[in-house]
Amino acid sequence: MVATPIGNLRDISQRALDVLTSVDVVAAEDTRVSGQMLRHFGIQKSLVSLREHNEHAMAERIIARLAAGESVAQISDAGTPGISDPGAVLAAAVHAAGYPVVPVPGASALTAAVSAAGFTCPHTLFYGFLPPKTKQRRDALTPLAALPYLTVYYEAPHRIVESVDDLVAVFGAERLAVMARELTKTFETIRRAPLGELAEWIKADPNQQRGEFVLVVDAAPPAPQSDEDAHDSVLAPLVAELPLKQAVALAQTITGAPRNRLYERALTLKNAADED
Ligand code: SAM
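Residue numbers for the sequence shown follow my numbering, beginning at 41 and rising by one.
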């Protein structure tokens with residue numbers, strides 16, 4: 041599974057060139073597009089077409105070639121195979137047939153966009169392409185809005201305005217997001233702003249509606265702690281280590297909460313701990 045550039049051809053890796061030069065056959069989505077890329081690197085290779093609609097049948101033919109001792113590289117039109125692109129069906133079939141599946145990592149719009157987005161949340165949910173219609177798109181977004189993860193979407197130019205509008209409707213205008221457009225290409229644009237502002241900015245400039253897009257949306261802010269949760273986070277460690285009276289006195293100094301409320305809660309925590 042060989043990653044190829046997402047725009048700038050200089051992003052090809054040395055190892056990708058080595059593998060593409062040495063394999064017996066290259067499976068590509070669009071043999072015309074990939075043939076052109078390979079020629080740019082001076083590689084003449086026999087190409088077979090592996091697309092979403094023929095991936096199962098092609099997987100069988102590729103396994104027959106592996107069985108005959110040949111080596112096969114799979115590439116997609118751009119970026120990493122299997123990331124919103126064909127590849128997973130072939131990889132699964134090759135695993136099942138007992139041959140190794142070897143990744144040759146490189147460019148992907150997903151990692152390029154997240155790396156430049158500047159969000160500190162350590163968890164990322166990659167959604168890929170959203171549904172094309174508003175109702176289904178909003179339904180798909182709704183369960184994601186409260187997640188404590190960055191969410192990442194691929195989008196096409198003819199849907200970018202509607203999709204960002206739906207993100208505003210579901211995530212709220214204040215949620216911070218990054219639009220990464222035309223990554224690694226001449227008109228690369230990376231814009232970080234609250235979703236409402238981003239939507240207006242894209243609408244105001246038709247140039248910002250052209251090309252290929254990744255949208256990275258910041259994680260939901262943590263839900264505000266209830267008083268009880270806040271008191272528990274102070275009380276629990278004190279109750280575990282100290283006599284009850286002392287734990288409550290300290291918790292009162294720290295939180296300023298009424299003593300009898302803290303005492304009741306401390307008792308509940310202590311009883312629960314004793315039962316454990
Ligand atoms: N396999 C590819 C990868 O690893 O990124 C993704 C292929 S998917 C069919 C194509 C989508 O990826 C585009 O519609 C766009 O959302 C995103 N994409 C690909 N190249 C991009 C680029 N240079 N800039 C921004 N987005 C890009």
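We put the CB at the ideal spot given by N, CA and C, even for glycine. Just so you know, these numbers come straight off a predicted model, no measurement behind them.
Opposing strand residues paired with residue i [DSSP bridges]
i	result
V256	V192 and V218
R105	DSSP, once it has assigned bridges, lists no residue as partnering R105.
G119	T44
Q114	A67
A233	A217
S89	A68
Candidates the options: closest to residue i by CA position
i	options	result
E281	P264, S62 and L309	L309
T151	S124, V134 and A133	S124
A239	P172, L216 and K225	L216
A233	V142, V218 and T226	V218
K85	V65, D70, R101 and L165	V65
S203	E237, L255 and A147	L255
A128	D117, A118 and V141	V141
A67	A113, E100 and G47	A113
R221	E252, G168, Y194 and E237	E252
Any non-hydrogen atom of the ligand SAM within 7 Å of residue i CB
i	result
T71	no
D125	yes
V201	no
E100	no
D116	Note that residue 116 is Ser in the sequence shown here, rather than Asp. Checking the Cβ of S116 against the ligand SAM gives yes.
R231	no
F166	no
F253	yes
T61	no
L223	yes
A149	yes
G119	yes
A157	no
E92	no
I52	no
Min CB distance residue i to chain C below 8 Å
i	result
I123	Looking for chain C here will not work: only one protein chain is present.
- Query: Quick one: complete alpha helix (DSSP H) runs, 4+ long, within the region 144–198?
  - Reply: 149–157 and 174–181
- Task: Jot down the residue ranges of each uninterrupted alpha helix (DSSP H) in the region 45–85, minimum 4 residues, whole runs only, in chain order.
- Result: 54–62 and 71–80
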